[in-house]
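Engineer: Quick one: the structure is below, questions incoming.
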Amino acid sequence: RPGPGARRRPRAAGGAQQDPARVLGRPRQDQPLPPPPELLESDLEDSRTCEALLDTENSELLVQLKEELHENTADHEHNSGDLISELRKLKQVYETRCSNKDKEATEAVQKFQQKLEELHVAACKKDDEIGRLQAEASASTNKILVLEGKLNEMHSLDKANDIQSLKVGQPETHKHKLAFLSTVSISFWKYMSGSYYTLFPFRGISY
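By this note's numbering, the letter at position 93 of the sequence shown is numbered 108, and the numbering carries on one by one without gaps.
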């Protein structure tokens, strides 16, 4: 333990003792000596050269990176333009097909409506024709009924006239029939009488 007049060594932070040489600024024996000034200049030149080389490489890398970025950007823009163009073409084709489909559907609907109208007109014409034929048939039936009534009236009149004629002309006809029968009877008996006398002349019987 040092005496009262002894100089104490400085302690490092944390209680560790510091090296006297480091405290006094003197190099220790185990530390390497600083390089001479010539080496320092050479190192500085090498450092500057390395720095220049690094700057050059960095510049080249930056230029290359910019070129690649520009190419990538150009390719991307070109690809984007191609994609946009393709999308526009596809959209145009889709719109054209949709337009054609809409046009075909519209034409089909119009044709269907036209067919319906034609069928409706034809049905109305048929209904009118059927009504006209029914009216003609009804008129013909009425005419037939009228003609049948007139014919029946004519038949009735003819029968009445015939009956009246028979009633009026019956006595005369009966007289004519009786006269005819009398004439025929007399002629027959005269003929028979003449023939009898011719056959039997000795008999003087007359009839």
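All C-beta atoms, glycine included, are put in the ideal place defined by N, C-alpha and C.
Would you kindly work out how many angstroms separate the C-alpha atoms of Gly-96 and Lys-130, rounded to a whole number?
Structural biologist: Here residue 96 refers to the residue found at position 81 of the sequence shown. Here residue 130 refers to the residue found at position 115 of the sequence shown. Spanning the two alpha carbons is a distance of roughly 50 Å.
Engineer: Can you list the beta strand (DSSP E) stretches of 3 or more residues lying completely in the segment 69–99, in chain order?
Structural biologist: Qualifying beta strand (DSSP E) stretches: none in this window.
Engineer: Whole angstroms are fine: how far does the CA of Glu-110 sit from the CA of Ala-134?
Structural biologist: Locating residue 134 in the sequence shown gives position 119, where the first residue counts as 1. Locating residue 110 in the sequence shown gives position 95, where the first residue counts as 1. Strictly speaking, residue 134 in this sequence is Leu, with Ala absent from that position. Going by the C-alpha atoms only, they are around 35 Å apart.
Engineer: CA-CA distance, Asn-167 and Asn-157?
Structural biologist: One-based indexing of the sequence shown puts residue 167 at position 152. One-based indexing of the sequence shown puts residue 157 at position 142. Cα to Cα, Asn-167 sits roughly 15 Å from Asn-157.
Engineer: Just to confirm the assignment: which complete alpha helix (DSSP H) runs, minimum length 4, are found wholly within the segment 95–150?
Structural biologist: With a minimum length of 4 residues, no continuous alpha helix (DSSP H) run stays inside the segment 95–150.
Engineer: Report the rounded CA-to-CA distance for Lys-118 versus Asp-143, giving the unit in angstroms.
Structural biologist: As a working note, residue 118 is residue 103 in the sequence shown. As a working note, residue 143 is residue 128 in the sequence shown. If I take the Cα positions, the gap works out to 37 Å.
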